[in-house]
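Asker: Each protein sequence line maps, in turn, to chains A and B. According to my numbering, the residues represented by the first sequence are 1 to 161, in order. According to my numbering, the residues represented by the second sequence are 162 to 264, in order. Ideal placement from N, C-alpha and C gives every residue a C-beta, glycine not left out. Structure below; questions to follow.
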Amino acid sequence: MDAVKPTRYIRPAHVTTSLAAETREEAVRELAALFAASRTLTKAKADALAADVLARESEGTTGIGCGVAVPHAKTVLVDDFVVAVGVSRAGIDFASVDGDPVHVVFLIAAAPSFAAEYLALMKWVVSLTRSKYWMKLLRGAPTADALVEVLEESHAPGPGR
Amino acid sequence: MTLANVPAPAEGEAAAVRRDVRVTSPQGLHARPAARVVETARRFRARISLLHGATRASAKDLLDVLYLAAPHGTALVVEALGDDAEHAADALVALFSSLAEER
Numbered sequence: 001m002d003a004v005k006p007t008r009y010i011r012p013a014h015v016t017t018s019l020a021a022e023t024r025e026e027a028v029r030e031l032a033a034l035f036a037a038s039r040t041l042t043k044a045k046a047d048a049l050a051a052d053v054l055a056r057e058s059e060g061t062t063g064i065g066c067g068v069a070v071p072h073a074k075t076v077l078v079d080d081f082v083v084a085v086g087v088s089r090a091g092i093d094f095a096s097v098d099g100d101p102v103h104v105v106f107l108i109a110a111a112p113s114f115a116a117e118y119l120a121l122m123k124w125v126v127s128l129t130r131s132k133y134w135m136k137l138l139r140g141a142p143t144a145d146a147l148v149e150v151l152e153e154s155h156a157p158g159p160g161r
Numbered sequence: 162m163t164l165a166n167v168p169a170p171a172e173g174e175a176a177a178v179r180r181d182v183r184v185t186s187p188q189g190l191h192a193r194p195a196a197r198v199v200e201t202a203r204r205f206r207a208r209i210s211l212l213h214g215a216t217r218a219s220a221k222d223l224l225d226v227l228y229l230a231a232p233h234g235t236a237l238v239v240e241a242l243g244d245d246a247e248h249a250a251d252a253l254v255a256l257f258s259s260l261a262e263e264r
């Protein structure tokens, strides 16, 4: 799993440090729209992806606690694995398991054969979530490029943080 | 590696109930099946761990269970300790079997 570097799937064009969304539905749509803006997906596919993700979300919250949510879908709308990341200053209600608002949203779309990558990404997101250090850096990143740098650094081998 | 400060049973403590389970959900122990494991575990008073090799995760802690990142087919041991340990272990065995219906 260490060979799979989750950050290879995260591009600055798919990152926003200022999510405008006030609800989880808006957050999912706003992040899916980044895939259309970058022409990774057509608008129609990005909209369909958002619908898939929201359908999944309605089955059970992806607010895993500590201010992080991982709305996602296994879908044939993508050929491989795409991830968008959004930081909300105000916090969004995701009906999270700990009742706290969400400040960092990872929107994940995985083709069916990418289960291993998805699990590796989840493991990495959990380690970030648990770290006050990395969460502070993520939430404080001033630009999309800076946020991606933080994510890259968090994956570098070294003593656990 | 021990996660979430779940200590191993101390010597002399009541014997733990252990059951072998397998991750039957097709995409592994991802967010939804992990949440179902936690929801089931939290119904019981027993201290419940999922063991994977040397790794011990608290079955009541979603982040612990997700951190296992267990793919389909992974063998785990459910270990329960406490008054309702047998019921807890049985419930988790049933839950893990039902994960085969997950998408």
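#1: Using the three-state DSSP reduction, which class does A/A46 fall into: helix, strand or coil?
#2: Compare the C-beta of B/H191 against all C-beta atoms of chain A and say whether one is closer than 8 angstroms.
#3: Could you tell me whether the segment 107-120 of chain A touches the segment 88-98 of chain A, using the rule of 3 or more Cβ pairs below 8 angstroms?
#4: In chain order, what residues of the same chain lie with their CB nearer than 8 angstroms to the CB of A/T42, ignoring the 5 residues before and after it?
#5: Where does the unbroken beta strand (DSSP E) through B/H213 begin, and where does it stop?
#6: For chain A, is any of its Cβ atoms less than 8 angstroms away from the one on B/L237?
#7: For my contact list, A/V125 and A/V68 are in at a C-beta cut-off of 8 angstroms; report their separation, rounded to the angstrom.
#8: Step through the CB atoms of chain B and report whether any lies within less than 8 angstroms of the CB of A/E26.
#9: Could you tell me which residues DSSP puts in a beta bridge with A/F81?
#10: Run through DSSP, which three-state label would A/L41 get?
#11: Rounded to whole angstroms, what's the CA-CA distance from A/G63 to A/I92? Just pull it up for me.
#12: Between the C-alpha atoms of A/A111 and B/D244, what's the straight-line distance to the nearest angstrom?
#13: Would you report the Cα separation of B/G173 and B/A241, rounded to the nearest angstrom?
Answerer: So, to answer that:
#1: In the first sequence, residue 46 of chain A corresponds to position 46, counting from 1. If DSSP states are grouped into helix, strand and coil, A/A46 belongs with the helices.
#2: One-based indexing of the second sequence puts residue 191 of chain B at position 30. Interface residue, yes.
#3: no
#4: Position 42 of the first sequence holds residue 42 of chain A. Cβ within range, chain order: A36.
#5: Your numbering for residue 213 of chain B matches position 52 in the second sequence. Unbroken beta strand (DSSP E) run through B/H213: 208-213.
#6: For the purposes of this step, residue 237 of chain B is identified with residue 76 of the second sequence, where counting begins at 1. Answer no: the Cβ-Cβ gap between B/L237 and chain A never drops below 8 angstroms.
#7: As a first step, residue 125 of chain A is located in the first sequence; it is residue number 125 there, counting from the start. As a first step, residue 68 of chain A is located in the first sequence; it is residue number 68 there, counting from the start. Correct: roughly 7 angstroms between the Cβ atoms.
#8: Counting from one through the first sequence, the residue named residue 26 of chain A turns up at place 26. False, the Cβ-Cβ gap to chain B never drops below 8 angstroms.
#9: For the purposes of this step, residue 81 of chain A is taken as residue 81 along the first sequence, with counting starting at 1. Answer is A/A110.
#10: Residue mapping note: residue 41 of chain A aligns to position 41 of the first sequence, counting from 1. The answer is coil: DSSP assigns A/L41 none of H, G, I, E or B.
#11: For the purposes of this step, residue 63 of chain A is taken as residue 63 along the first sequence, with counting starting at 1. For the purposes of this step, residue 92 of chain A is taken as residue 92 along the first sequence, with counting starting at 1. In a straight line, the C-alpha of A/G63 is about 10 angstroms away from that of A/I92.
#12: Here the question's residue 111 of chain A lines up with position 111 in the first sequence. Here the question's residue 244 of chain B lines up with position 83 in the second sequence. Distance between the alpha carbons of A/A111 and B/D244: 44 angstroms.
#13: Position 12 of the second sequence, counted from the first residue, corresponds to residue 173 of chain B. Position 80 of the second sequence, counted from the first residue, corresponds to residue 241 of chain B. Bear in mind that the predicted position of B/G173 carries a pLDDT of just 46, short of 50, making it too unreliable to give a figure here.
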